[in-house]
Amino acid sequence: MTPLKYLQSYPPALQAQIRQLMDNGRLGEYLQRRYPDRHGVQSDKALYTYVAALKQEHLRNAPAIDKVLYDNRLDLTHRALGLHTAVSRVQGGKLKAKKEIRVASVFKDAAPEFLQMIVVHELAHLKEFDHNKAFYQLCEHMLPDYHQLEFDLRVYLTWRELGTV
């Protein structure tokens, strides 16, 4: 029995339910029923607008975001669904930090809820750098069903790995 690498931290009973759906060939059906839509945010410009709107709604006082893009190089095997960085540059006598958010390109064809969950996660890092209690409280504030979406996203990644996409 191969381990469910995206679901390893979840209780064995929950993993067993997902494994049963996999064994019966119904995991894709489960996901399609829960998340039937695909988002229309296809370009980097549209992604920037999407992220800026969420930031404006929930994190007005957070640092500005300078760049947002889909990244083909983000590797799901290293658990990088999205990435937030601060690129520091010297301009004159000052040190400027440019904030960037990158989203793995595999999410161009995902449910809008999954894209929103990833963006909320990366935006939360503007205020909280570590994955601590305050970080997850901020995620829940911005997206009330954050934890369920994170679980379902992990199920989606498991399904993609089956090669039935």
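Here UniProt numbering is used: the first residue of the sequence shown is 1, the next is one more, and so on.
The beta carbon of each residue, even a glycine, is placed where N, CA and C say it ideally should be.
As the structure is a prediction and not an experimental result, all values here were calculated from the model.
Cα separation between Ile-101 and Leu-83? Distance between the alpha carbons of Ile-101 and Leu-83 is about 6 Å.
Is it buried or exposed, Gln-116, if we count other Cβ atoms within 10 angstroms and call 16 or more buried? buried
Since Met-142 and His-58 should fall inside the 8 Å C-beta cutoff, what is the C-beta to C-beta distance between them, to a whole number of angstroms? Sure, about 4 Å apart at Cβ, within 8 Å.
Whole-angstrom distance between Leu-153 and Phe-107, CA atom to CA atom: 10 Å
Please determine if the segment 23–41 and the segment 113–128 are in contact, where contact requires at least 3 C-beta pairs separated by less than 8 Å. yes
Would Leu-126 pass as a contact of Ala-104 if the rule is Cβ separation under 8 Å? no
Tyr-70 by DSSP, collapsed to three states: which one? strand
Which first and last residues belong to the beta strand (DSSP E) in which Lys-127 is found? Here Lys-127 belongs to no beta strand (DSSP E), and DSSP marks it neither H nor E.
Judging by CA-CA distance, which residue of Asp-23, Leu-69, Ala-62, Asn-132 is the nearest neighbour of residue 185? Absent from the structure is residue 185, since the part of the chain shown begins at 1 and ends at 165.
From the DSSP output, which residues share a beta bridge with Gln-32? Paired residue(s): none; Gln-32 is not in a bridge.
Candidates Leu-31, Ala-53, Arg-73: closest to Val-41 by CA position: Ala-53
Any idea which residues DSSP pairs Ala-94 with across the strands? A quick correction: the sequence has Lys, not Ala, at residue 94. DSSP, once it has assigned bridges, lists Gln-91 as partnering Lys-94.
Pairwise C-alpha distance: Ala-62 and Lys-55: 8 Å
Backbone CA spacing between Tyr-121 and Gly-92 [nearest angstrom]: Rather than Tyr, the amino acid found at residue 121 in this sequence is His. Between His-121 and Gly-92, the C-alpha separation is close to 33 Å.
Grab the span of the alpha helix (DSSP H) containing His-141 for me, first residue to last. For His-141, the enclosing alpha helix (DSSP H) has its first and last residue at 133–142.
Cβ-Cβ separation, Lys-133 to Lys-98 (assumed contact under 8 Å), whole Å: The Cβ separation is near 29 Å, so there is no contact.
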